[in-house]
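Participant:
Protein chains: 2
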Amino acid sequence: MPSELERSMESLITVFHRYASKEGSSNTLSRRELKDLMENELSGFLKSQKDPAAVDRIMRDLDANGDGEVSFEEFVSLVVGLSIACEQCYQMHLKKQHGKM
Amino acid sequence: MPSELERSMESLITVFHRYASKEGSSNTLSRRELKDLMENELSGFLKSQKDPAAVDRIMRDLDANGDGEVSFEEFVSLVVGLSIACEQCYQMHLKKQHGKM
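For the protein sequence lines, the chains are S and A, in the order given. Heads up, the first sequence is in the UniProt record's numbering, so the first residue is 1 and it goes up one at a time. Heads up, the second sequence is in the UniProt record's numbering, so the first residue is 1 and it goes up one at a time.
Following this line, the structure appears as structure tokens:
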């Protein structure tokens, strides 16, 4: 049976391909596929971005090779950035809890 | 309810802290904590590494700032590397399947 960490890695891959396979190349996310993915999978984060052009900005930031598509390698850099930000919040939360004890 | 992608990111954080909290600093993995994590969470990958000093080698590779501890930022680079390798296998598998149809 896969471990919790292995299941997480599998989810990164299957979530990416669930959206990447919708149109055009099945190995990359078009702007529309990235928008779909973010609206469904990262809706909390997307709502926190007040900028209505957030998806376009993120698309530009992720698309390192400038081909107008987001590859899996480019996609994981978004996941990493968000995970690191969340982990910093988690550490702050732990510190606050520890301060209360 | 969190999405599948949000749950994966949460798992990366909780798995890291489950092992990081065992001894010393609760925000970093010592060599022993990294070994524990890899033996329990990435046992398939660890078995595939024929080198008995694999954990030491991985520890050196991950420990970018050379402090003898693996931070969350350093840990996610391992997860990213493995996920990208797995995704490439997944793409090859899809191509083979497509070839058969």
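Quick reminder that beta carbons are idealized off the backbone N, C-alpha and C, glycines included. These figures come from a predicted structure and were not determined experimentally.
Which whole-angstrom value describes the C-beta separation of GLU41/A and GLU74/S, a residue pair presumed to lie in contact below a C-beta threshold of 8 Å?
Facilitator: Rounded, the Cβ-Cβ distance is 26 Å, inconsistent with contact.
Participant: Using a cut-off of 8 Å between C-beta atoms, extract the partners of LEU42/S located in chain A.
Facilitator: The answer, in chain order, is SER3, LEU5 and GLU6.
Participant: Using a Cβ-Cβ distance cut-off of 8 Å, determine whether TYR90/S contacts chain A.
Facilitator: At least one chain A Cβ lies under 8 Å of TYR90/S.
Participant: Going along the chain, which unbroken runs of the alpha helix (DSSP H) with 4 or more residues stay wholly within the segment 9-88 of chain S?
Facilitator: 31-41, 43-48 and 54-62, all fully within the segment 9-88 of chain S.
Participant: Could you say which of LYS95/A, GLU10/A and LEU34/A lies nearest to ALA20/A if we only look at CA atoms?
Facilitator: The shortest Cα separation from ALA20/A among LYS95/A, GLU10/A and LEU34/A belongs to LEU34/A.
Participant: Excluding the 5 residues preceding and the 5 following LEU37/A in the sequence, name in chain order all residues of the same chain whose CB lies nearer than 6 Å to its CB.
Facilitator: The answer, listed in chain order, is TYR19.
Participant: Once you ignore the five residues that flank ASP51/A on each side, which residues in its own chain have a CB closer than 8 Å to its CB?
Facilitator: Only ARG57 meet the Cβ criterion.
Participant: Are SER8/A and SER8/S close, meaning C-beta to C-beta below 8 Å?
Facilitator: Cβ atoms of SER8/A and SER8/S: closer than 8 Å.
Participant: May I have the straight-line CA-CA distance separating LEU82/S from ASN27/A, to the nearest angstrom?
Facilitator: So the alpha carbons of these two residues sit roughly 18 Å apart.
Participant: Quick one: what's got a C-beta closer than 6 Å to SER71/S's C-beta in the same chain, skipping five residues either side?
Facilitator: Once the five neighbours on either side are set aside, the close Cβ partners of SER71/S are THR28.
Participant: Please state if the CB of GLU69/S and the CB of ASP61/S are separated by a distance shorter than 8 Å.
Facilitator: Their beta carbons are not under 8 Å apart, which means ASP61/S does not touch GLU69/S by this criterion.
Participant: For LYS95/S and GLN88/S, I'd like the C-alpha separation in whole angstroms.
Facilitator: Each residue's Cα considered, the two are about 11 Å apart.
Participant: Could you confirm whether any beta carbon from chain S is found closer than 8 Å to the beta carbon of LEU12/A?
Facilitator: True, the Cβ-Cβ gap to chain S drops below 8 Å.
Participant: For SER30/S, would you say it is in contact with chain A, using Cβ-to-Cβ distances shorter than 8 Å as the test?
Facilitator: No, SER30/S lies away from the interface with chain A (no Cβ there is under 8 Å from its Cβ).
Participant: Output yes if chain A places a C-beta closer than 8 Å to the C-beta of LEU46/S; else output no.
Facilitator: It does not: the Cβ of LEU46/S has no partner Cβ on chain A nearer than 8 Å.
Participant: Assuming LEU12/A and VAL76/A make a contact with CB atoms under 8 Å, what is their CB distance in whole Å?
Facilitator: Rounded, the Cβ-Cβ distance is 7 Å, consistent with contact.
Participant: Tell me whether the beta-carbon of LEU46/A lies closer than 8 Å to the beta-carbon of ALA54/A.
Facilitator: Contact flag set, yes.
Participant: In angstroms with no decimal places, state the Cα-to-Cα distance between HIS98/A and GLU23/S.
Facilitator: Each residue's Cα considered, the two are about 16 Å apart.
Participant: Does GLU23/A have its Cβ less than 8 Å from a Cβ in chain S?
Facilitator: Output row for GLU23/A: interface = no.
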